[in-house]
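Trainee:
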Amino acid sequence: MSDERATPWYRRLHWQIFTAMALGAAAGAIGGSEFADRVSWMGALFVRLLRMVIVPLVLTSVVSGVASIGGGRDVGRMFGKTFAYYIVTSLLAILVGLVFANAIRPGVGAELGGVGGGVLPAIETPTSIVDMLLRMVPTNPLAAAASGDILGLIVFSILLGLALGRLPDDARSRLLGVFEAGFQAMMVLTSGIIRLAPFGVFGLITSAVGSTGLEAFRALGWYALTVTGGLATHLLLVLPLLLILLGRIRPWVHFRNMAEPLAMAFSTSSSAATLPVTMRAVEQKVGVSNRISSFVLPMGATINMDGTALYECAGVLFIAQALGIELSFAKQMLVVLTALLASIGTAAIPSAGLVMIFIVLEAVELRGPQVDLIVGAMLAIDRPLDMARTAVNVFSDSCGAAIIARSEGETTVDLP
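Structure, rendered in C-alpha cells:
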C-alpha cells in the first residue's frame, strides 16, 4: 500500500475510473442515445472480459481456499460465521428500507401513467426453500460452469476442496499446487483486464445516462430518493458500525482500500462481474488471506445482497402505497422475511432484483395489471438504482471478509 500512496493521484486506477464515470455521464447527457450506441461496445466488451474469468477464478480460489482451511470442522466454523454475517446484514438492510419507506411514503400520490417501462430480464426463480436447496447442487458441474450457475459451481468447489484436503499428503500437495497456481494465473489475468477499466466504465456510464429519460425521474423522484437514502444509510452508517463493533476496523481505511471495486460495481451493476476485482482488492489492499477471501467472497457475490434486499422491501411498500393499500405490521414482517429469502436467491446480474420483487409482491397478495404497470414504470429508472445497490452488495461482501478474517486472528487487515 505504501507504493500506491507514492503514486500520483491521476495514475491511481480508482481516480481514473471516477474520471471516466464523470466523462461518461457528461457524454451521455450531451450526446444522448445516439452517441451512447456508438460507445456502448466498450462497456459490453469490458464486462465480457470480466465474466470470462469468473468461472475459473471461482473454481481455483474456492478449491484451494477450502483445502487450505483444514478439516470439516474448520470449514463448518467458517461457513457458520459467513452465513450468520450474511443473514444479519441482509436483515439490517431490509429494516432500513422498511423505515425509509414508512417515513417518506414515496408511493402516496405518485402519478405513473405517463412513465414508460422496459423489458425485464428472463430469470428462473426458485419457488421454495427446498427448490433453492436442490438447485444449489448441480447434476453436472461442467454444465453449471458453462451456464454460469455460480452457486452450483461454489457448492461443487467446496465439496471438491474438502475431498482434496482428505487425500494423502503427496497427492494433496500435487493437486493443491495445481489449483493454487491456477488461481495465481487468474489473478494476473484479472489485473491485466482491470487496466482497461476506465475505457469500459466510460462506455457503460455513457450508455446508462444516454438511455435514461428525465421524465421517469420526475414521476418516480420520491421513490428514487427513498431507495437511495436507504442504500446510503446502510453503506455509510450500518456497515461501518459493523466494521467497528465486530472487526475493530477503521471504516475510512476500508473504504479507501475498496475504492476500485466500489467504482466497478457501480459501473457494471453486477456483483458477479465485479467479483474478480473485489477478490484482488480484498487480498492485495485490505490484506485478507486467500484462505478467507476465497471462501467468503464468491459465496457473498451469489447470496449476500444487502442492497437488493433493501430495494425489494422499499419497492413493495412503494407499490402498495401507490395503489392506496395499507400493509399491516404482520404483512410488513412478511415482506421482511420474503425479501430476505428472495435476495438470497437473486442472480448477480443487472436488474435481477426487479424480477425477484414479484416473489415478495406475491407473498402479500399484490398482483394484477396495475402492479405490473408500476413495476414497468420502476424499470424506467432501475439502472442507476441498480448501480447503487450493487455497490452496497459488494461493499457488504468485503466487510464480511474483513470481519471474519479478524475473527480468525488475521492482524494485517485494513492497516492504516
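Basically my numbering = 1-based index in the sequence shown + 1454.
Glycine included, every Cβ here is placed at the ideal spot set by N, Cα and C.
1) Cβ of ALA1678 within 7 Å of Cβ of ILE1835?
2) Alpha carbon to alpha carbon, what distance is there between ASP1528 and ARG1702?
3) Where GLU1832 and SER1850 are concerned, what is the direct C-alpha to C-alpha distance, given to the nearest angstrom?
4) Relative to the C-alpha of LEU1499, which candidate in GLN1824, THR1722 and GLU1864 has its C-alpha closest?
5) For the alpha helix (DSSP H) containing ARG1821, name the first residue and the last one.
6) Helix, strand or coil for ARG1843? Go by DSSP, reduced to three states.
7) Could you tell me whether the Cβ atoms of ASP1725 and VAL1591 are closer together than 7 Å?
8) Should VAL1562 go down as buried or exposed, given a rule of 16 or more other Cβ atoms within 10 Å for buried?
9) Quick one, which of THR1543, THR1866, ARG1505 and GLY1664 has its alpha-carbon nearest VAL1707's?
10) For LEU1871, which option in CYS1767, ARG1589 and ALA1617 has the closest C-alpha, if you only look at C-alpha atoms?
11) Relative to the alpha-carbon of ILE1484, which residue among ALA1774, ALA1662 and ARG1745 has its alpha-carbon at the smallest distance?
12) Using 8 Å as the cut-off, can you tell me whether the segment 1680-1696 makes contact with the segment 1539-1548, which would need three or more C-beta pairs spanning the two stretches below that distance?
13) So TYR1539 and ILE1858 are supposed to be a Cβ contact under 8 Å. How far apart are they, rounded?
14) Can you list, in chain order, the residues of its chain whose CB lies under 7 Å from that of VAL1736, leaving out five sequence neighbours each side?
15) What separation, rounded to the nearest whole angstrom, lies between the Cα atoms of ARG1466 and GLY1754?
16) How is ASP1603 classed by DSSP in three states: helix, strand or coil?
17) What is the rounded straight-line gap between the Cα of MET1759 and the Cα of LEU1699?
18) Does the separation of the CB atoms of GLY1519 and PHE1749 fall below 7 Å?
19) Within this structure, are the beta carbons of THR1660 and GLY1478 separated by less than 7 Å?
20) Can you list the alpha helix (DSSP H) stretches of 4 or more residues lying completely in the segment 1696-1759, in chain order?
21) Flag this pair as yes or no: are the beta carbons of LEU1697 and PRO1705 separated by less than 7 Å?
22) Determine the extent of the alpha helix (DSSP H) in which VAL1663 is found, giving its start and end residues.
23) To the nearest angstrom, how far is the alpha carbon of ALA1481 from that of GLU1864?
24) Which of the three DSSP states is assigned to ASP1851 in this structure?
25) Using a Cβ-Cβ cutoff of less than 8 Å, which residues in the same chain neighbour SER1861 once the five nearest sequence positions on both sides are dropped?
26) Using a Cβ-Cβ cutoff of less than 7 Å, which residues in the same chain neighbour THR1514 once the five nearest sequence positions on both sides are dropped?
27) Along the chain, where does the alpha helix (DSSP H) containing ARG1626 start, and where does it finish?
28) Give the DSSP-derived three-state secondary structure of SER1494 in the structure shown.
29) To the nearest whole angstrom, what separates the beta carbons of LEU1764 and GLY1684, a pair I think is in contact under 8 Å?
30) So, at 6 Å on beta carbons, what are the nonlocal neighbours of LEU1629 in its own chain, with the 5 sequence-adjacent residues on each side left out?
31) How big is the Cα-Cα spacing for ALA1784 and GLY1602?
32) Would you decide whether GLY1667 is buried or exposed? Buried here means 16 or more other CB atoms lie within 10 Å of its CB.
33) THR1680 by DSSP, collapsed to three states: which one?
34) Using a Cβ-Cβ cut-off of 7 Å (strictly less than) and excluding sequence neighbours within five positions of PHE1554, which residues of its own chain qualify?
35) I'd like the list of long-range same chain contacts for ALA1490, defined as Cβ closer than 7 Å, with 5 residues on each side in sequence excluded.
Mentor: In short:
1) Taking the sequence shown and counting its residues from 1, the one referred to as residue 1678 is at position 224. Taking the sequence shown and counting its residues from 1, the one referred to as residue 1835 is at position 381. Cβ distance < 7 Å, so ALA1678 and ILE1835 count as in contact.
2) Along the sequence shown, one-based indexing puts residue 1702 at 248. Along the sequence shown, one-based indexing puts residue 1528 at 74. Roughly 23 Å between the two C-alpha positions.
3) Position 378 of the sequence shown, counted from the first residue, corresponds to residue 1832. Position 396 of the sequence shown, counted from the first residue, corresponds to residue 1850. Residue 1832 is actually Met in this sequence, not Glu. Distance between the alpha carbons of MET1832 and SER1850: 25 Å.
4) What you label residue 1499 is simply residue 45 of the sequence shown in a count that begins at 1. Considering only alpha carbons, the answer is THR1722.
5) By one-based count along the sequence shown, residue 1821 stands at place 367. Per DSSP, ARG1821 lies in no alpha helix (DSSP H) segment and is marked neither H nor E.
6) In the sequence shown, residue 1843 corresponds to position 389, counting from 1. The answer is helix: DSSP assigns ARG1843 an H, G or I state.
7) As a first step, residue 1725 must be located in the sequence shown, where it is residue number 271. As a first step, residue 1591 must be located in the sequence shown, where it is residue number 137. According to the sequence shown, residue 1725 is Ser rather than Asp. No; because the gap between Cβ atoms is not below 7 Å, this pair is not in contact.
8) In the sequence shown, counting from the first residue as 1, residue 1562 sits at position 108. Label assigned to VAL1562: exposed.
9) Working through the sequence shown from its first residue, we reach residue 1707 at position 253. Nearest of THR1543, THR1866, ARG1505 and GLY1664 to VAL1707, Cα basis: THR1866.
10) No statement about residue 1871 is possible, as the shown extent of the chain runs from 1455 to 1870 and does not include it.
11) What you label residue 1484 is simply residue 30 of the sequence shown in a count that begins at 1. It is ALA1662 whose Cα lies nearest to the Cα of ILE1484.
12) yes
13) Position 85 of the sequence shown, counted from the start, is the residue given in the question as residue 1539. Position 404 of the sequence shown, counted from the start, is the residue given in the question as residue 1858. With a Cβ gap of about 7 Å, TYR1539 and ILE1858 count as contacting.
14) Translated into the one-based positions of the sequence shown, residue 1736 becomes position 282. Same-chain partners within the cutoff: VAL1742, SER1747, LEU1751, SER1852 and ALA1855.
15) Within the sequence shown, the letter at position 12 stands for residue 1466. Within the sequence shown, the letter at position 300 stands for residue 1754. The alpha-carbon atoms of ARG1466 and GLY1754 are separated by roughly 27 Å.
16) Numbered from its first residue, the sequence shown carries residue 1603 at position 149. Here ASP1603 sits in coil by DSSP.
17) The count along the sequence shown starts at 1 and reaches residue 1759 at position 305. The count along the sequence shown starts at 1 and reaches residue 1699 at position 245. If you take the alpha carbons of MET1759 and LEU1699, they lie about 21 Å apart.
18) To locate residue 1519, count along the sequence shown from 1; it is residue 65. To locate residue 1749, count along the sequence shown from 1; it is residue 295. Cβ atoms of GLY1519 and PHE1749: closer than 7 Å.
19) On the sequence shown, position 206 is the one that residue 1660 refers to. On the sequence shown, position 24 is the one that residue 1478 refers to. Yes, these two residues count as a Cβ contact at 7 Å.
20) 1705-1711, 1713-1722, 1725-1735 and 1744-1757
21) The residue you call residue 1697 lines up with position 243 of the sequence shown. The residue you call residue 1705 lines up with position 251 of the sequence shown. Going by C-beta atoms, LEU1697 is nearer than 7 Å to PRO1705.
22) In the sequence shown, counting from the first residue as 1, residue 1663 sits at position 209. Element bounds for VAL1663: 1651-1664.
23) Within the sequence shown, numbered from 1, the residue matching residue 1481 stands at position 27. Within the sequence shown, numbered from 1, the residue matching residue 1864 stands at position 410. Rounded to whole angstroms, ALA1481 to GLU1864 spans 45 Å at the Cα level.
24) For the purposes of this step, residue 1851 is taken as the residue at position 397 of the sequence shown. ASP1851: helix per DSSP, three-state reduction.
25) Position 407 of the sequence shown, counting from 1, holds the residue named residue 1861. Correct list, in chain order: LYS1535, LEU1700 and GLY1701.
26) On the sequence shown, residue 1514 is found 60 positions in, with the first residue counted as 1. So the qualifying residues of the chain are PHE1633, GLY1636, PHE1637 and MET1640.
27) Locating residue 1626 in the sequence shown gives position 172, counting from the first residue. The continuous alpha helix (DSSP H) containing ARG1626 extends over residues 1623-1648.
28) Within the sequence shown, numbered from 1, the residue matching residue 1494 stands at position 40. It is helical.
29) Here residue 1764 refers to the residue found at position 310 of the sequence shown. Here residue 1684 refers to the residue found at position 230 of the sequence shown. Between GLY1684 and LEU1764 the Cβ distance is about 5 Å, and since that is below 8 Å, they are a contact.
30) For the purposes of this step, residue 1629 is taken as residue 175 along the sequence shown, with counting starting at 1. Within the same chain, LEU1629 has close Cβ partners LEU1618.
31) Counted from its first residue, the sequence shown places residue 1784 at position 330. Counted from its first residue, the sequence shown places residue 1602 at position 148. Approximately 37 Å between the Cα atoms of the pair.
32) Taking the sequence shown and counting its residues from 1, one reaches residue 1667 at position 213. Reliability fails at GLY1667, whose pLDDT of 49 lies under 50, so the model's placement of it is uncertain and no value is given.
33) Here residue 1680 corresponds to residue number 226 of the sequence shown, with the count starting at 1. Helix at THR1680.
34) In the sequence shown, residue 1554 corresponds to position 100, counting from 1. Cβ neighbours of PHE1554 beyond the five flanking positions: THR1680, GLY1683, GLY1684 and ALA1768.
35) For the purposes of this step, residue 1490 is taken as the residue at position 36 of the sequence shown. In its chain, beyond the 5 residues on either side, GLY1482, THR1660, SER1661, GLY1664 and SER1665 have a beta carbon closer than 7 Å to the beta carbon of ALA1490.
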